[in-house]
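Below is one structure; the comments refer to it alone.
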């Protein structure tokens with residue numbers, strides 16, 4: 099699907115935008131310029147609603163560091179399991195998780 103063209107930004111005083119919106123809601127007659135302003139405001143609103151939310155990098159990094167600490171802790175706990183087969187399975191699971199989180203952190207840090 100081709101990307102939608104970005105809607106150009108119009109620097110419009112807030113009072114003017116509110117007046118146009120008020121007119122449209124009350125059914126008052128509007129000029130062609132006011133109709134264009136209203137359509138532009140609606141298009142901007144739709145574009146904002148359709149845009150995927152972008153997580154803040156700092157929050158994402160904090161979550162990943164927390165996950166990394168948990169994986170390392172679980173790996174240490176898995177090493178204390180008495181049953182050899184279970185210990186190996188749990189250690190492999192938590193090693194994979196730790197390595198995955200480290201790789202995610204590295205990819206994010208490389209993008210800066």
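Numbering (my numbering), first residue to last: 99 to 210. Cβ coordinates follow ideal geometry from the N, Cα and C atoms, glycine included. Everything numeric in this text was worked out from a predicted model, so none of it was measured.
- Per the coordinates, the alpha-carbon of residue 170 lies some 13 angstroms from the alpha-carbon of residue 178.
- When rounded, the separation of the alpha-carbon atoms in residue 197 and residue 204 is 10 angstroms.
- Rounded to whole angstroms, the gap between the alpha carbons of residue 192 and residue 183 is 14 angstroms.
- In this structure, the beta-carbon distance from residue 157 to residue 136 does not fall below 8 angstroms.
- With respect to residue 176, residue 189 sits close: the two C-beta atoms are nearer than 8 angstroms.
- At the C-beta level, residue 121 and residue 132 come within 8 angstroms of one another.
- Looking at the backbone, the Cα of residue 143 and that of residue 126 are separated by about 22 angstroms.
- DSSP places residue 130 in the helix class (H, G or I) of the three-state scheme.
- The continuous alpha helix (DSSP H) containing residue 189 extends over residues 182–208.
- Membership of residue 123 in the alpha helix (DSSP H) is indicated by the continuous run 112–124.
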